[in-house]
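Step one of this worksheet: look at the structure below.
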Ligand SMILES: Nc1ncnc2c1ncn2[C@@H]1O[C@H](COP(=O)(O)OP(=O)(O)O)[C@@H](O)[C@H]1O
Ligand SMILES: [Mg+2]
């Protein structure tokens, strides 16, 4: 063990202060323990004397309303105490939502549907987490919707989804993933196929509305929607479409006044648009442009390996599965069949003959039992990864979270790839 790993630091935090730290070094572990007082990490309360572990990539803020003492063990790359935080503002937002929930509960109506928007790296996902944690700590059961297909927290990249929140997020692992509702877009950017993306957002919105209909507690608790940082041009239009699709009551705009003003201008009056400052803890830019590709692959491989989620490997015969791709190549306008619109090809279902091009790709396992467009709009059971294609024996080898058999033989190709490091 290196000397660094034994570094032990104690921090005494005054009320309304926050200890921020980052772990960057690969294979490094940092341990956090609350010694006295009360503190929380993104809305989840720390249990006194319990030790929490953080690994490379963690960017953490330990906030205290009333003051506390915490101990940090291990090598952090950045660590400091901040006296200025937007937590009071975020807490007021929670208070306003809570007010709307209480009203909704009284009249057995739908609680607030709130959408959080803003550019990349301003803390959108974090604000969602804080608001959901505060809600569930008040005994609410809100639905979390994640429309960020690049870095969503509900499933792997390339998907959007919804999750009923029944307990606060785990400090180190986030919300527990029981029975999430997941739709497969298959691209890591919503810009690749905006038509398909919007179709699935509307489908998800309808499903979420149905859930609100049938569950009284969830109905009054409402929905918190996370979005991606694509906020210009088509991205902005998509935000408007998502807001309409989910019939949002509140839009919280993080950090960007221009976006705030555009939304005030374009949203109907009954939608409250509020501006929120971002946290000073986000001032360091991610080396995003350079590392984007690498991070996405790492994300997936982490996802696949976490808790040995993909321990099973098995073969299926070509004839046992139907593999589809969504989106056909564009036809020139003059060749379009009668009645077909220019962008209809974007949502066309194309059946694939298994080939070497599938290698390392993620395939979504559809819930659909049909052979038609139902496949595009249906949510998915999970994901497998192609690790070998053998045209001679007519066999594909899959890496899967579950042993054979697959829950369904309808599979949809994702553009995302995963290289097994073993
Ligand atoms: N107050 C804070 N102090 C330090 N790091 C923070 C703070 N709030 C959020 N972070 C970290 O900053 C990173 C980016 O935040 P995130 O919520 O993912 O932004 P966005 O969703 O807008 O891209 C995350 O790793 C998160 O843990
Ligand atoms: Mg985010």
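Residue numbers (the working numbering): 925 to 1346. Beta carbons: idealized from backbone N, C-alpha and C, even for Gly.
Alpha carbon of residue i to alpha carbon of residue j, nearest angstrom
i, j, result
"residue 963", "residue 989", "7 Å"
"residue 1179", "residue 999", "31 Å"
"residue 1026", "residue 1136", "16 Å"
"residue 1089", "residue 1068", "7 Å"
"residue 1372", "residue 974", "Residue 1372 cannot be examined here, being either before or after the span of the chain that is shown, 925 to 1346."
"residue 1158", "residue 1113", "12 Å"
"residue 1164", "residue 1118", "13 Å"
"residue 1427", "residue 1037", "In this structure the chain extends from 925 to 1346, so residue 1427 is not present and cannot be described."
"residue 946", "residue 1054", "19 Å"
"residue 1103", "residue 969", "24 Å"
"residue 1028", "residue 1133", "15 Å"
"residue 958", "residue 1001", "20 Å"
"residue 956", "residue 1297", "50 Å"
"residue 1369", "residue 980", "Residue 1369 lies beyond the range of the chain shown here (925 to 1346); nothing can be said about it."
"residue 1023", "residue 1066", "14 Å"
"residue 993", "residue 940", "13 Å"
Closer than 7 Å: residue i CB and nearest ligand 2 heavy atom
i, result
"residue 1072", "yes"
"residue 1150", "yes"
"residue 1079", "no"
"residue 1075", "yes"
"residue 1350", "Missing from the structure shown is residue 1350; the chain here goes from 925 to 1346 and no further."
Residue nearest to residue i in terms of C-alpha spacing, selected from the options
i, options, result
"residue 1285", "1152, 1319 and 1343", "1343"
"residue 1153", "1045, 1079, 1063 and 1060", "1045"
"residue 1012", "1207, 1051 and 1313", "1051"
"residue 1323", "1042, 1040, 1312 and 1025", "1312"
"residue 1087", "1113, 1112 and 1060", "1060"
"residue 1330", "1306, 1315, 946 and 1340", "1306"
"residue 1130", "1107, 992, 1141 and 938", "1107"
"residue 1126", "946, 1335, 1302 and 931", "1302"
"residue 935", "1115, 1141 and 961", "961"
"residue 1014", "1035, 1007, 982 and 1056", "1056"
"residue 1268", "1275, 1278, 959 and 1252", "1252"
"residue 1276", "1293, 1270, 1290 and 1245", "1245"
"residue 1328", "991, 1200, 1238 and 1281", "1238"
"residue 937", "1016, 987, 1048 and 982", "987"
"residue 1332", "1196, 1111, 1289 and 1295", "1289"
"residue 971", "980, 1160 and 995", "995"
"residue 1077", "992, 1096 and 1049", "1049"
Any non-hydrogen atom of ligand 1 within 7 Å of residue i CB
i, result
"residue 1046", "yes"
"residue 985", "yes"
"residue 1206", "yes"
"residue 1203", "yes"
"residue 942", "yes"
"residue 998", "no"
"residue 1085", "no"
Presumed contact (8 Å Cβ cut-off) between residue i and residue j, rounded CB distance
i, j, result
"residue 1320", "residue 1242", "7 Å"
"residue 1082", "residue 1338", "5 Å"
"residue 1120", "residue 1084", "Not confirmed; about 11 Å, so no contact."
"residue 1150", "residue 1040", "6 Å"
Near ligand 4: residue i beta-carbon under 7 Å from a heavy atom
i, result
"residue 1042", "Absence of ligand 4 from the depicted structure is noted, with ligand 1 and ligand 2 being the only ligands included."
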